[in-house]
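Chains A and B, in that order, give the protein sequences. So for the first sequence, this note's numbering puts the first residue at 1; every next one is plus one. So for the second sequence, this note's numbering puts the first residue at 1001; every next one is plus one. We treat Cβ as the ideally placed atom computed from N, Cα and C, and that holds for glycine. All values reported here derive from a predicted model rather than from experimental measurement. These notes concern the structure reproduced below.
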Amino acid sequence: MEEIFKRGVLTLEGFENVRIFIGKIEEEEEEWEPMGPTPMPAISTIRSWDFKLLRRYKPFYAPFCDFCCLCTFGKCDLTGNKKGACGIRMDAQQGRIVLLACIIGCSAHCGHGRHMLHELKRKFGDVEIDFGPEVDIEAPLTRLICGIKPRRISDYERVFDYVEEELVQLSDALHTGQEGSYLDFESKALHVGMLDSLSKEAADIIQMAAYGMPSSKEGGGPDVPLVEVGMGVADTTKAVILVIGHNVVPAASIADHMEESGHEEEIELVGICCTAHDVTRYKPKAKIISALGRQLRVIRAGIADVIVVDEQCIRADVVESASRVHSPVIATNEKAMHGLEDRTDDPADEIVEDLVSERVPGVVILDAEKVGEVAVKTALRMKDKRRKMRIILSDEEFQRWVGECIQCGSCTLACPLGLRIGEANAKAASGNKEALASLFDICVGCGRCEQVCKKNIPIIDVITKAAHPQIKEERGKIRVGRGPIWDSEIREVGAPIVLGTIPGVIAPIGCGNYPNGTKDAWLIVEEFASRNYIVTLTGCMAIDAALWKDEEGKTVYEKYHGRFDAGGVLNIGSCVANAHIHGAAIKIAAIFARRKLRANYEEIADYILNRVGACGVAWGAMSQKAASIATGFNRLGVPAVVGPHGTKYRRAFLGRSDIEEDWIIFDARDGSEVRIEPAPEHLLVACETVEEALPMIAKLCFRPSDTDRGRSIKLTHYIDLHEKYLGCLPEDWWLFVRTAADLPIARRDELLKRLEDEHGWVIDWKRKRIKEGPLRGYDPSFDPTNLRRLIRKK
Amino acid sequence: MRAREVPFDIANIPGQETGRIVSAEVAAALISASHRPLLVVGSEAMRDEFFVEKAIEMGEKGVAIAATGKSIRGFMRKGYKKVQYFNLHDITNRLRDPDWKGIDGNGNHDTVIFFGILYYYASQMLSCLKNFALNPLIRTISIDRYYHPNARFTFPNIESDEEYKKMIEKVVELVKR
Ligand code: SF4
Ligand code: SF4
Ligand code: SF4
């Protein structure tokens, strides 16, 4: 009864799935803010915003395949933008595939969140959401999109209901004979991107609340502890449990069981990917062994005495690969059972016996507590057994294998990076392992090469063996995922970010499908943190950036502070924690600019697009989740740069700085139309190399609202990075100059001269002012918007 | 060279139309016959000065050059100025627009030559041009050491760097403008 009065929820015994909501909730919600215009928007609700974005950032398509084979009318050849039998053109078909990718990505986050909600409510009850004194806006995306201020984790039932319904409608739009316009496919993809950001926030809030992960309570935020990271960190004198995936529930249960059973000191709990992030947020004694790119190599290196997989980004051949090195596998999630027998209801000791005797290569256990017990017992027994085995290649075996190579080049054609493995083998055969060892970090560990090798050379093991000395030394430090940015931090930095004096928020996120190894991740962080940008990382990139050290032996997490402030390097956490980066941008609009937050997506996105100099960087984007994540950033007005593999997503959102009408927006003060500089120039763009990406990222932090001081700082970094890495002034630097005060202070005269000589601008040299030339002058009270309805005086 | 050439990234078989393999001589003849060729030089050209030098020689013969990725640095080091940096996505996006004014402001290009570009990025951009730059048609020629099915004309996969350099030398030597 108490619950009915307190929360307006009635659950009847025997009908646990039936929940009756009483009007009280609505009343309570009225108290925090009046409902905005678009609570729980449907597909078409914010379509007009999408179309504004799509008009400026026109979808660019690079088909990965010229056919469509989705129905029995086909295959249809769409080459040259032809139509298929159903009437769909190549461009719309590309939009359709992008939508499909985004739906898969969003489903992964939503499914993950829903699963955790079930599990954690059962385990901990309906936990209250309280992230401490510095976080009042606990769920910016939930408030913004749904108009809900969640108080307990069960409030997310409604949020998931909403996302799931939308996902069904959106999947429906993929059917043959539904949507036919590429623009509408993209609008739908942007809608999914938004739902994806909401799902991530939901999932992270649920796990943070239930496990007490870092927030603004004691020891959280910038004060989170450092944990060890790298392939060299596992102490193999102990039994090693390796967890892989994204759903922390089983891993947390293992950590609990280690403590409860008193085996904490005998076991190393190490993880790959986001489960590793999240288990260290729960128990900082755990270690992060690698990001996704090293998964197969970590498995094949035989470090693990037992491998526990949950969901997402797990290798489909995990059981086969693990069996080769006698590591039993426990699959813990219905979505990834890998053909193993479901032993959930069997006694733990029986399961352990079967795993240790290797009667079965692995089992499914869908009860997280039982996973904890079985993993701990199995690891302890497997350790004794496995330490007597020799798993990595001996020197003789290595030499024999590299000698077998006939340099046929088949592996190179199979390798997604075109690595010239044969050449490296030849060098190793004559005694120089360096070339082979240098492939270790670049290789993305896919295993495609081995399958085509005519000599059956275990190429991954050969590369790993060559790189063994460097792998042993791979030991870094990473701050554990801190979760949300504090409201108090936003109050401090909201103004400098919007004015541009903190030149930008850079968000390296996502997977490890890099073009040239993990060092690029480090370089991106180092360049921007040292220039006083705020760098917020999540997922694999957060891990990979920690593998490299400066001359003093410090990783970026040791070198830079963890506050959301100039020069900070913040590990936000796993992929789902990534929502807190959106959250920070939203909070700038809500806290600093006092924009209405509740169910007011379009206005907040408009604010962010025009004022918050943030840029996502998914340098190794690989998965469908990365597609939905980037698209979610884009709908909110945040551009993203991807690595060259990102072109395989087929679609980019590219602006055209040379087309004037694309850059006309309103001044909200009086409705006048203003031609702005291309800021930000693109919403989604790929760069070829990191050297190109660095100035591009800096450029995508320009916003029309920058003050002259802010613009001058941003321009300084853009020009400096361009000169440092590309060896020349950028072609388009002058486009961003509105007044002499926009110019980098140290080079004002030189650049004024260039404006005069090369661009025909008229300069008043006495007063060092620009008299004629720029696209527009600088007006400190300019109030940029793309939304007509926000014009105050018409 | 194999009897039937395979894409450098072996699964990259896009569909019905796949690039025709040409020799250095034919590539040079195609470039010579074009009205407004554009040489797009990517980051891989930086792996050996030779490639930047050869690109400059093409430039000196009157072929416009766009430097993508980090290759602009190579031209700057040589003090060569008749080149503009572009992001590869950006320039491909412009090329597919018949109204684009081209790198020199004189109108879009009719022939685009890809040189020194990361295989998979180049492949995607060639796919865009193949599928969407049709009216008027832009002819794409890849003179990289990879078989590029998405190009209209392409070299085959070339194992030996020496052999490849000879081919590039020949192309540059034979191009007439
Ligand atoms: S495992 Fe590494 S070397 Fe082998 S194909 Fe994949 S990326 Fe290339
Ligand atoms: S394209 Fe991606 S999902 Fe498909 S087989 Fe390759 S790695 Fe797996
Ligand atoms: S496929 Fe095997 S034999 Fe051929 S080059 Fe590669 S490693 Fe050597």
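Asked	Found
Assuming the contact rule is C-beta atoms closer than 8 Å, Ile-289/A and Val-233/A should be a hit. Round their C-beta distance to whole Å, please.	6 Å
Please confirm if Phe-1051/B has its CB atom under 7 Å from at least one CB of chain A.	no
Just mark Ile-4/A as buried or exposed, buried being the case when its beta carbon has 16 or more other beta carbons within 10 Å.	Caution applies to Ile-4/A, whose pLDDT of 48 falls short of 50 and renders its modelled position unreliable; the value that the coordinates give is listed next. Looking at its Cβ environment, which holds fewer than 16 other Cβ atoms inside 10 Å, Ile-4/A is exposed.
Suppose the cutoff is 8 Å on Cβ atoms and the five residues either side in sequence are ignored; what does the same chain contact list for Asn-600/A look like?	Gly-36, Pro-37, Thr-38, Leu-144
Based on Cα-Cα distance, which residue from Asp-732/A, Gly-727/A, Tyr-725/A lies nearest to Leu-715/A?	Asp-732/A
Can you check DSSP and say which residues form a bridge with Lys-666/A?	It is Phe, not Lys, that sits at residue 666/A in the sequence shown. Bridge partners of Phe-666/A: Glu-673/A, Thr-785/A.
Smallest Cα separation from Ala-627/A: which of Met-90/A, Ile-103/A, Gly-671/A?	Ile-103/A
Distance cutoff 7 Å, beta carbons only. Does Leu-683/A sit that close to anything in chain B?	no
Could you give the DSSP three-state label for Phe-398/A: helix, strand or coil?	helix
So which residues of chain B does Lys-648/A contact, with C-beta pairs closer than 8 Å?	Tyr-1120, Gln-1124
Taking C-beta pairs closer than 7 Å, name the residues in chain C that Ile-1158/B reaches, listed in chain order.	This model lacks chain C altogether, as its protein chains are A and B.
Taking contact to mean at least 3 C-beta pairs separated by less than 8 Å, is the segment 217 to 235 of chain A in contact with the segment 313 to 331 of chain A?	no
Taking a cut-off of 7 Å, which residues have a beta-carbon closer than that to any heavy atom of ligand 1, in chain order?	Cys-411/A, Ala-414/A, Cys-415/A, Pro-416/A, Leu-417/A, Leu-419/A, Ile-421/A, Leu-439/A, Cys-443/A, Val-444/A, Gly-445/A, Cys-446/A, Gly-447/A, Arg-448/A, Cys-449/A, Glu-450/A, Ile-459/A, Ile-460/A, Ile-463/A
Enumerate in chain order the residues of its own chain whose CB-to-CB distance from Pro-133/A is below 7 Å, with the five nearest sequence positions on each side excluded.	Ser-216
Nearest to Pro-63/A by alpha carbon, out of Ile-1168/B, Ala-1122/B, Arg-1073/B?	Ala-1122/B
Measuring from the CB of Lys-427/A, is there a heavy atom of ligand 3 at a distance below 6 Å?	no
Verify the CB distance criterion: does Phe-67/A have a CB-CB separation below 7 Å to chain B?	yes
Taking Cβ-Cβ distances below 7 Å as the criterion, which residues of the segment 68 to 92 of chain A are in contact with chain B?	Asp-77, Thr-79, Gly-80, Asn-81, Met-90
When the Cα of Asp-461/A is compared with those of Gln-470/A, Val-452/A, Gly-447/A, Glu-474/A, which residue comes out closest?	Gly-447/A
Under the three-state reduction of DSSP, which class applies to Ala-621/A: helix, strand or coil?	coil
Tell me whether the segment 181 to 190 of chain A and the segment 435 to 442 of chain A touch, counting them as touching only if at least three CB pairs, one residue from each stretch, are closer than 8 Å.	no
Got a sec: is the Cβ-Cβ distance from Tyr-1080/B to anything in chain A below 7 Å?	no
I need the straight-line Cα distance from Ala-542/A to Cys-110/A, nearest angstrom please.	22 Å
Assuming Ser-323/A and Asp-305/A make a contact with CB atoms under 8 Å, what is their CB distance in whole Å?	At roughly 14 Å, the Cβ-Cβ gap does not stay under 8 Å, so Ser-323/A and Asp-305/A are not in contact.
Check the Cβ-Cβ distances between Arg-956/B and every residue of chain A, and say whether any is below 7 Å.	One cannot answer for residue 956/B here, as it falls past the ends of chain B, which runs 1001 to 1177.
Just checking: is the beta-carbon of Ala-652/A within a distance shorter than 7 Å of some beta-carbon in chain B?	yes
Just the Cα atoms here: how many angstroms apart are Phe-185/A and Ile-97/A?	9 Å
Is the shortest distance between the beta-carbon of Leu-54/A and the beta-carbons of chain B less than 7 Å?	no
Assess contact between the segment 167 to 181 of chain A and the segment 120 to 140 of chain A, defined as three or more Cβ pairs (one per stretch) separated by less than 8 Å. Is contact present?	no
Apart from the five residues on each side of it in sequence, which residues of its chain come closer than 7 Å, Cβ to Cβ, to Cys-1128/B?	Thr-1092, Arg-1096
If you scan the segment 263 to 295 of chain A from start to end, which runs of the alpha helix (DSSP H) of 4 or more residues do you find wholly inside it?	273 to 282
Consult DSSP for Glu-27/A and reduce its assignment to one of helix, strand or coil.	Low per-residue confidence applies at Glu-27/A: pLDDT is 47, beneath 50, and the placement is therefore not dependable, though the value from the model is reported in the following sentence. If DSSP states are grouped into helix, strand and coil, Glu-27/A belongs with the helices.
Per DSSP, Lys-83/A forms a beta bridge with which residues?	Arg-89/A
Thinking just about the alpha-carbon of each residue, which of Leu-537/A, Cys-273/A, Leu-597/A is nearest to the one in Gly-568/A?	Leu-537/A
My understanding is that His-1109/B touches Ile-1138/B, with C-beta atoms under 8 Å, so please give their C-beta distance in whole angstroms.	7 Å
Going by beta carbon distance, what residues of the same chain come within less than 8 Å of Ser-781/A, once the five residues before and after it are set aside?	Arg-669
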